[in-house]
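**Student:** Before we start, here is the structure in question, set down as structure tokens.
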Amino acid sequence: MDAAEFKRIVLPMSRKLLHYSFQLLHDTGEAEDAVQEVVLKLWKIRFSLKDFNSLDAFAMKITRNWCLDRLKAKKPLYIDTYNYRYDRQSDEYNPQKQMEHADKLDLINKVLNRLPDQQRQIVQLRDIEGLEYEQIAEIMEMNLNALRVSLSRARNKIREELIKFDSYGYQTNKDAAGKVL
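Numbering (this note's numbering), first residue to last: 1 to 181.
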């Protein structure tokens with residue numbers, strides 16, 4: 001692979017890699033470093049890149065591993081997987097809808113932060129990044145069936161919490177309700 005082909009194929013991935021690494025690291029500088037390192041690694045092995053079925057999945061896997069190595073060197077951080085800027089509502093000028101929307105996004109963030117790391121990363125890759133199951137299985141080094149089960153459990157937990165919220169609001173447990181009464 002020559003330089004022009006590398007630029008045409010690999011460099012467009014850098015934005016997705018930057019977003020993914022930022023979601024893992026919560027630091028713009030670290031995320032940019034991650035993408036730079038990944039692109040450098042891909043450049044070094046550019047002649048064997050055609051051997052990979054999915055270059056996109058391979059790049060995401062390298063990014064994930066680099067970010068996890070950085071996180072191991074620091075204290076554990078949680079992934080803020082759902083960013084407010086991703087969901088622009090058509091009811092921009094309706095304050096009630098905006099408030100309900102903000103409350104639901106806040107709830108989703110809280111539920112996602114309570115999920116186990118593996119489930120949180122799978123939801124990030126599938127539902128937010130839009131990767132295919134096979135790519136996620138390759139990135140996470142998981143069996144495809146185990147990945148689907150894990151994603152299903154994570155989605156069910158999120159769904160349960162949203163149903164509770166829609167039915168009862170934030171006061172979903174008896175202790176919180178008892179304090180109000």
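Even for Gly, the Cβ is constructed at its ideal location relative to N, Cα and C.
Here the structure is a predicted model, which means the values were calculated and not measured.
1) Gly130 lies in the alpha helix (DSSP H); which residues open and close that run?
2) Measure the beta-carbon distance from Val38 to Ile9 and round it to whole angstroms, keeping in mind my assumption that it falls under 8 Å.
3) If I measure Cβ to Cβ from Leu68 and keep anything under 8 Å in the same chain, skipping five residues before and after, which residues do I get?
4) Can you round the beta-carbon distance between Ala154 and Leu105 to whole angstroms, since I take them to be within the 8 Å contact cut?
5) Sort Val111, Val123 and Leu40 by Cα distance to Asp158 and report the nearest one.
6) Ignoring anything shorter than 4 residues or poking outside the segment 5-54, list the alpha helix (DSSP H) runs there in chain order.
7) Going by beta-carbon coordinates alone, are Ile128 and Met140 separated by less than 8 Å?
8) Among Glu138, Phe165, Leu151 and Lys164, which one has its Cα closest to the Cα of Asn53?
9) Excluding the five sequence neighbours on either side, which residues of its own chain have a C-beta within less than 7 Å of the C-beta of Ala59, listed in chain order?
10) Could you give the DSSP three-state label for Met140: helix, strand or coil?
11) Determine the DSSP secondary structure at Asn94, reduced to helix, strand or coil.
12) Tell me which residues share the same chain as Glu134 and place their Cβ nearer than 8 Å to its Cβ, disregarding the 5 neighbours each side in the sequence.
13) Looking only at its own chain, which residues have a Cβ that is under 8 Å from the Cβ of Arg126, when we skip the five neighbours before and after it?
14) Could you check the C-alpha separation between Asp103 and His26 for me, to the nearest Å?
15) Going by other Cβ atoms of all chains shown within 10 Å of its Cβ, with 16 needed for buried, is Leu11 buried or exposed?
16) Are the Cβ atoms of Ser21 and Ala4 separated by less than 8 Å?
17) Taking 7 Å as the limit between beta carbons, can you name the residues of its chain near Lys7, skipping five residues before and five after?
18) What's the C-alpha gap between Glu161 and Gln96?
**Tutor:** So, from the listed chains and residues:
1) That residue, Gly130, is in no alpha helix (DSSP H); it is neither H nor E in DSSP.
2) About 14 Å; that fails the 8 Å criterion.
3) Leu24
4) With 8 Å as the limit, Ala154 and Leu105 do not qualify as a contact, their Cβ atoms being about 17 Å apart.
5) It is worth fixing the name first, because residue 158 is Ile in this sequence and not Asp. Nearest option by C-alpha distance: Val111.
6) 14-25 and 28-44
7) no
8) Glu138
9) Met13, Leu17, Val38 and Leu42
10) helix
11) coil
12) Ser54, Ala57 and Leu144
13) Tyr133, Ile136 and Leu151
14) 22 Å
15) exposed
16) no
17) none
18) 21 Å
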